[in-house]
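Residue numbers (this note's numbering), protein chains in the order written: chain A, 1 to 109; chain B, 1 to 812.
Idealized CB from N, CA, C, for every residue including glycine.
A short write-up of the structure that comes next.
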C-alpha cells in the first residue's frame, strides 16, 4: 500500500470538460474528478450515498453535482448530501501542479 | 464592510417570513432586530382556531422558537411595543424607552380586530379573536361561564364559535346579513353551511344588528336593534380586521386604510418597507396568509438589493377550518353580471358546487361538501385554461376526465395514515403529515424536499397538496400564482423564453446574466431547461451545451440503476428485416450484452452496456445502417404502427407507411419532454394511438388526428384534434403540432399536461382553424429539423470523440 500514499499523476485539466467530470478507475472502484466552471478540481468517490449512482455522470453546478439516478445533490468539497437528504461520499486530495492533475488515493477525507 | 441594520416591527407571520426569505438569499446583509408586542415567538396565527377547538396545543403552532432567533443572530425583543419612529434620526422607540437605530425598517404590524362602536364594548368579557391572549381569555371563560355570543358570521367568527362550542359553551352567532361567510360563499352554499353548523349545535341570529353590549362589571348580554336581548357571559367580536396603521401614521408615513406600498412593498419613505395585513397595495387589503408569503418573498428580494421582484397582487382561495365541514371558495364566486354559472346540487348528500365561468374560463368556484377538486379548479382558474373541451364534465371533477389512473381516490382527508401517497418513493400519508407538522412546512416544494412525496413522477402532486391543505387547514393558496422556473430565479418559464427571444440572448451565461440569476451557473433543473429554450429559439445557430444536459442526452443512451446503459436503435415504424435483426444479434453476442428486450415502442433494447463500450457498440450497429433511436431523450421517441391495409383485412389505409413517413420527418427533434406517436390503420386502433402524444387513426375517408394522450403515470386518452384527408396533411398538422408544443410548452411538460393547461381549443385554433398559423409552424419545424437530423451515434463513435467515454486514467 505504500505506493498508494503517493501523489499519482492522472492527467491534464483540459482532459476534463468544464462543469463536468472524468473518472479514475481503481481496484477499489472509480474516483470521479470534477472540474467546475471556475476550473476548481475536486475528487470524490464515484458513488452516491443514496443508491450508489455514478456521480461523475451528473450535472455540475457551482461546487455541487446532482446524482443522475435520483437527483441527490452532493457537495464536492465536503462530500455531504444537501439537506434534508443525509449521507456522505468520500473525498480525496487532488491538486493541480505543473499543468498536471495529481490525486492521492489512500487518504479519503 | 459594516453590516446594515434592519429593524422589523412585528414578530408575526409576515414579518418573520420576510426575514426567513432574506436569510435565504442574503444571510449576511443585515443585523436584524425584531420587536414584537406579544410575549411570544412567531406562531402560526391561522392555527389559533384548532387550538381553541382543542385539536392542537400552543406548542404545536410555534413556527420559530427562541433558538431559531439566536442561531440566526437575530435580536428579539418580545413583549416590547414600538411606540414611535423617528424617521429623521432613523430610530425607533419602545414603550419602555428603548431606542434602536435602523438603516432599513420593515413594518409588519398586522391588524386589529374591528370592535363595533357600541356602548359596552370595553366591558370585561368582550374580546376579539386575534392572538394567543384572546384564545386564553376564551378558554378561561369557557371554564367559568355558559353563554357565548360571537358577533360576525365570517370565516373567523365561525371558527371561534365552533371552538367555543367544542369547549362546552352554548354559542349564538350573530350576523348582520342573511348569508354566512358572504365574502366567500353564495347563498345556497351558505345555507348548507348554516344547516350543518346548526346540526352541530350552534345557534344563529341572522340579519341582526347589535345595538349595545349589556353589563356592569362584566358583559351580561347583547341588545339588538329590534330591542330584543340575548344573555351572554362572553362576547367575541369577529366582524372584520383593521390594518394596524397607528404607528406608521404617527411617523408621517402615508396611509389610507392600510400603509400604502408599491409593487416592491416600499412605503412612502424609501427606507421603510411594509408587508402583511397592515399594508394596502393597489387598493387591496389582506387577511389571508398566501398573499403575505408572496409579499415576503418580494420584499426580501428588495431588502437584499436584488431589485428584480414585483408583487402584483394575489389570487386566493379559502377553506374553513371547522372539522367535518368541507368548503372551498376562490375568485369571483358570486357570478351574475355577464358570467355563466355551472351548478351541481345534491341536497341529500349535502353537496353543492358552483363554477363561475366567463368565455370558457373559470373565474371563481364555491364547493361545499365535496372539495376534492378545489385545487384543480383553482389551478385551471389561475392558468386561465380554456375548458370548452371538457366543460360538460368539469363539475364531476378531474377523476372523470377519462383518466383511469389515480383519480378516484383523491380524498386526502379520508385516507388512512398508512395509505401510500407517493408510489415512486414509497411515502405514506402519515410521513407527510408528520413532516408538515414537525418541520413546519407550508408549501408543496417544502414537502417535496423533505419527504420526496411527488418529487419523482409528480402524479400524486394533487393529493399531496390536499394533504397539505387538510393538515394545515390552510386558508392560503397551495402554490404561488407565479411559479418560477426553479429556485435560481424568480422568473417563470414564459418570462425566460420571452427574454431569450426579445433580447436576442444566445447562450446560457447570457440568459443568466440578463435575468440576474441567483446562482453562478444554475442548477440541474434550470440548465437543461435553458439549453432547450435556446436550442428551440435559435435552431440552426445555437451551440448545444452537453454539460447542461442530463446524462442520458449527453451519452445518447439510457443510464440504468447499476450505472450501465441501454442501447435502442431506431426501427422505423416498427418495421425491420433479417439483416437488421442479424446485426443486432451479432452485436449482442460480440459484446456479451446481458439482456435483449423488445420494448413497448416496437423496438429492441440492448441492456447492460458499460459506458466505455458504447462507441464500439454504436459503430458496429452503424455499419448496418442502424442509427440512434433517441430512446433516452426529451425528443421524438418512436412511431408505433399496425400493419394497416397492406395485410390486415380491416385496414383502411397504409398506416405502416404513414408511421414511417412521420418518423422520418420528426426524428432527431428535441422537445420539452418525450414525444411518442402511433398510427393505426383502422378504428380498432391496434397501435394504441389514443394514448400517444400524437396519434393517427385511419378511417375509410382519411385520417383522424388525436393529441395529448399519455399511457404512463396517469392514463389520459387523447383529445380529438380534427380529421384530414391526405397523407400530406397528416404530416403538415403533425409538424405544426410538434412545433407549437416545442415553442410553447414548459420544459419537462408532456403534451397531456400542456394541453390541459392551455386547453384543446387553443391548440385547435392555432393548428386547425388558422391555416396560416399552421403553415408557419410547419415551416419552422422543418427548418429546425435541418440541423437536428444528424445521427449522434455516428458522431460519437468516431475515434476522436471516444475519450469522453473512457476513464481519465486506470490505477492499480
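- Query: Bridge partners of residue 102(A), per DSSP?
  - Reply: Counting from 1 along the first chain, the entry for residue 102(A) is found at position 102. DSSP lists 9(A), 95(A) as partners of residue 102(A).
- Which residues, in chain order, does the region 331 to 346 of chain B contribute to contact with chain A at a C-beta distance below 8 Å? none
- Chain-ordered neighbours of residue 547(B) on chain A, where CB pairs are closer than 8 Å: Working through the second chain from its first residue, we reach residue 547(B) at position 547. The answer, in chain order, is 17, 18, 19, 20, 59, 60.
- List the residues of chain A that residue 449(B) touches, going by C-beta distances under 7 Å, in chain order. One-based indexing of the second chain puts residue 449(B) at position 449. Those are 84, listed as they occur along chain A.
- Three-way DSSP call (helix, strand, coil) for residue 33(A) in this model: What you label residue 33(A) is simply residue 33 of the first chain in a count that begins at 1. Residue 33(A): strand per DSSP, three-state reduction.
- Task: Please classify residue 86(B): is it buried, with 16 or more other beta-carbons within 10 angstroms of its beta-carbon, or exposed?
- Result: The residue labelled residue 86(B) in the question sits at position 86 within the second chain. Its Cβ having fewer than 16 others within 10 Å, residue 86(B) is exposed.
- Task: Give the straight-line distance between the Cα atoms of residue 236(B) and residue 63(B), rounded to the nearest whole angstrom.
- Result: For this step, residue 236(B) is matched to residue 236 along the second chain. For this step, residue 63(B) is matched to residue 63 along the second chain. Their backbone Cα atoms lie some 26 Å apart in a straight line.
- May I ask you to report which of helix, strand or coil DSSP gives residue 242(B)? In the second chain, residue 242(B) corresponds to position 242, counting from 1. Of the three classes helix, strand and coil, the one that applies to residue 242(B) here is strand, per DSSP.
- Item | Pair within 8 Å by beta-carbon distance, residue 751(B) and residue 762(B) | Working through the second chain from its first residue, we reach residue 751(B) at position 751. Working through the second chain from its first residue, we reach residue 762(B) at position 762. In this structure, residue 762(B) does not lie closer than 8 Å to residue 751(B) by Cβ.
- Nearest-angstrom Cα distance between residue 431(B) and residue 53(A)? In the second chain, the residue the question calls residue 431(B) occupies position 431. In the first chain, the residue the question calls residue 53(A) occupies position 53. Looking at the two C-alpha atoms, the distance is approximately 25 Å.
- Paired residues, beta bridge with residue 64(A) - DSSP: Along the first chain, read from residue 1 onward, the residue named residue 64(A) stands at position 64. DSSP, once it has assigned bridges, lists 61(A), 75(A) as partnering residue 64(A).
- For residue 704(B), which option in 721(B), 620(B), 693(B) has the closest C-alpha, if you only look at C-alpha atoms? Within the second chain, numbered from 1, the residue matching residue 704(B) stands at position 704. The option with the nearest alpha carbon to residue 704(B) is 721(B).
- Only counting runs of 3 or more residues, tell me where the beta strand (DSSP E) segments fall wholly within the region 157 to 206 of chain B, in order along the chain. 170 to 174, 203 to 205
- Message: Between which residues of its own chain and residue 63(A) is the CB-CB distance below 8 Å, once the five residues before and five after are set aside?
- Response: Within the first chain, the letter at position 63 stands for residue 63(A). The answer, listed in chain order, is 36, 40, 42, 75, 76, 77.
- Message: Can you pull the chain B neighbours of residue 89(A), defined as C-beta to C-beta under 9 Å?
- Response: Translated into positions along the first chain, residue 89(A) becomes position 89. Those within 9 Å of residue 89(A) in chain B number zero; the least Cβ separation is about 14 Å.
- Query: Any beta-carbon of chain A closer than 8 Å to the one on residue 520(B)?
  - Reply: The sequence position of residue 520(B) within the second chain is 520, counting from 1. Yes, because at least one Cβ of chain A sits closer than 8 Å to the Cβ of residue 520(B).
- Message: As a quick exercise: from 620(B), 610(B), 569(B), pick the residue whose alpha carbon is nearest that of residue 604(B).
- Response: Locating residue 604(B) in the second chain gives position 604, where the first residue counts as 1. That would be 569(B), whose Cα lies nearest to the Cα of residue 604(B).
- Task: Following the continuous beta strand (DSSP E) through residue 147(B), name the residue where it begins and the one where it ends.
- Result: What you label residue 147(B) is simply residue 147 of the second chain in a count that begins at 1. Looking at the DSSP string, the run of the beta strand (DSSP E) that includes residue 147(B) is 147 to 151.
- Pull up the distance between the alpha-carbon of residue 130(B) and that of residue 193(B), whole angstroms please. To locate residue 130(B), count along the second chain from 1; it is residue 130. To locate residue 193(B), count along the second chain from 1; it is residue 193. If you take the alpha carbons of residue 130(B) and residue 193(B), they lie about 23 Å apart.
- Query: Does residue 23(A) get closer than 8 Å to chain B when you measure Cβ to Cβ?
  - Reply: Against the first chain, residue 23(A) aligns to sequence position 23. By this cut-off, residue 23(A) is an interface position.
- Message: Within a Cβ cutoff of 7 Å, which residues of the same chain sit near residue 16(A), ignoring the five residues on either side of it in sequence?
- Response: Counting from one through the first chain, the residue named residue 16(A) turns up at place 16. So the qualifying residues of the chain are 22, 33, 35.
- Compare the C-alpha of residue 754(B) against each of 655(B), 718(B), 202(B) and name the closest. For this step, residue 754(B) is matched to residue 754 along the second chain. Minimum Cα distance to residue 754(B) is reached at 718(B).
- Under the rule that 16 or more other beta-carbon atoms within 10 Å means buried, what is residue 295(B), buried or exposed? Residue numbering aside, residue 295(B) sits at position 295 when the second chain is read from its first letter. It is buried - the Cβ of residue 295(B) has at least 16 other Cβ atoms within 10 Å.
- Message: Rounded to whole angstroms, what is the Cα-Cα separation between residue 561(B) and residue 69(A)?
- Response: On the second chain, position 561 is the one that residue 561(B) refers to. On the first chain, position 69 is the one that residue 69(A) refers to. So the alpha carbons of these two residues sit roughly 7 Å apart.
- Message: Am I right that residue 271(B) and residue 104(B) are in contact with their C-beta atoms under 8 Å? What's the rounded C-beta distance?
- Response: Indexing the second chain from 1 puts residue 271(B) at position 271. Indexing the second chain from 1 puts residue 104(B) at position 104. Their Cβ separation, rounded to whole angstroms, is 6 Å, which keeps residue 271(B) and residue 104(B) in contact under 8 Å.
- Residue ranges of each beta strand (DSSP E) run of no fewer than 3 residues wholly in the region 529 to 568 of chain B, ordered along the chain? 565 to 567
- Query: Does DSSP classify residue 463(B) as helix, strand or coil?
  - Reply: As a position in the second chain, residue 463(B) is number 463, starting the count at 1. In this structure, residue 463(B) counts as helix in the three-state DSSP scheme.
- Item | Contacts that residue 53(A) makes with chain B (C-beta to C-beta distance below 9 Å) | Locating residue 53(A) in the first chain gives position 53, counting from the first residue. Here the neighbours are 559, 561, 563.
- Message: With a threshold of 8 Å between beta-carbons, can residue 71(A) be considered close to chain B, or not?
- Response: Here residue 71(A) refers to the residue found at position 71 of the first chain. Judged by the 8 Å Cβ criterion, residue 71(A) is in contact with chain B.
- Task: Check the C-beta distance from residue 678(B) over to residue 689(B) and give it rounded, since I have them as a contact under 8 Å.
- Result: Numbered from 1 along the second chain, position 678 holds the residue referred to as residue 678(B). Numbered from 1 along the second chain, position 689 holds the residue referred to as residue 689(B). Sure, about 4 Å apart at Cβ, within 8 Å.
- 6 Å Cβ shell around residue 493(B) - same chain, five flanking residues per side excluded: Walking along the second chain from the start, residue 493(B) turns up at place 493. So the list reads 485, 746, once near-sequence residues are dropped.
- Item | 8 Å Cβ cutoff met for residue 537(B) and residue 513(B) | Position 537 of the second chain, counting from 1, holds the residue named residue 537(B). Position 513 of the second chain, counting from 1, holds the residue named residue 513(B). Not closer than 8 Å, so no.
- Along the alpha helix (DSSP H) that carries residue 345(B), what are the first and last residues, could you check? Translated into positions along the second chain, residue 345(B) becomes position 345. That residue, residue 345(B), is in no alpha helix (DSSP H); its beta strand (DSSP E) goes 340 to 346.
- Query: In chain order, which continuous runs of the beta strand (DSSP E) of length 3 or greater are located wholly inside the region 577 to 635 of chain B?
  - Reply: 595 to 598, 604 to 609
- Can you check whether the CB of residue 636(B) is closer than 8 Å to the CB of residue 599(B)? One-based indexing of the second chain puts residue 599(B) at position 599. One-based indexing of the second chain puts residue 636(B) at position 636. Against a cut-off of 8 Å, the Cβ pair of residue 636(B) and residue 599(B) comes out as no contact.
- Item | Cross-strand partners of residue 219(B) (DSSP beta bridge) | Sequence index remark: in the second chain, residue 219(B) carries index 219 (1-based). Paired residues: 215(B).
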